[in-house]
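Below you'll find the structure, written out as structure tokens, and then a few comments.
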């Protein structure tokens, strides 16, 4: 603080000699080497999670016949919600092992059309809609908060959805790896014929 009680705009700092110099004479930046840790204690790769936020499949409740009615606007907004969730997880505000609110809402959407939800799940569904559809949710039915029990139910659902997304991502990588291996084997067989 200066004499006027304001923080200075520029601060002169002495160079930090604790960082080693590179060959070009510039000091390397300090990098926090602590990895992001999920609730289960496993390391989480934030880059893989960001890529997954863009390319993971949309999981919905199966065999309801209502999957086609999911609006394109919700589908196109999903990657943005997932990226926002990754940012909140990286800053420690949300756990890594849970799906975002939009994922949970899209999972429950076909289910809510196929059969009636009980009181707990209907409240959770409206709460998710309030959080995801912020300005589009009518004020008279908006749910601003849930009970601890309902938050536990929602947390369980989000963890299950996240687990299924990781399984789908892993299966996709396995399929790509297997297809690549089969292509290499087919090329090898083709070369041995000649």
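In my numbering, the protein residues as written are -2 to 191. Note that beta-carbon positions come from the ideal geometry of N, C-alpha and C, so glycine has one too. What you are looking at is a predicted structure, and each value in this text was computed from that prediction instead of being measured.
Where residue i falls, given that 16 or more other Cβ within 10 Å makes a residue buried
i           : result
residue 51  : exposed
residue 54  : exposed
residue 179 : exposed
residue 48  : exposed
residue 97  : buried
residue 158 : buried
residue 149 : exposed
residue 101 : buried
residue 73  : exposed
Simplified DSSP state of residue i, which is helix, strand or coil
i          : result
residue 65 : helix
residue 90 : coil
residue 41 : strand
residue 71 : helix
residue 53 : coil
Residue i vs residue j beta-carbon contact at 8 Å
i           : j           : result
residue 61  : residue 108 : yes
residue 78  : residue 99  : yes
residue 94  : residue 171 : no
residue 75  : residue 105 : no
residue 143 : residue 151 : yes
Complete runs of the alpha helix (DSSP H) confined to the stretch 96 to 124 [at least 4 residues]: 98 to 111
Length at least 4, wholly inside the stretch 142 to 190: the alpha helix (DSSP H) runs in chain order: 145 to 190
Cβ contact (3+ pairs, closer than 8 Å) linking the stretch 82 to 95 and the stretch 103 to 121: no
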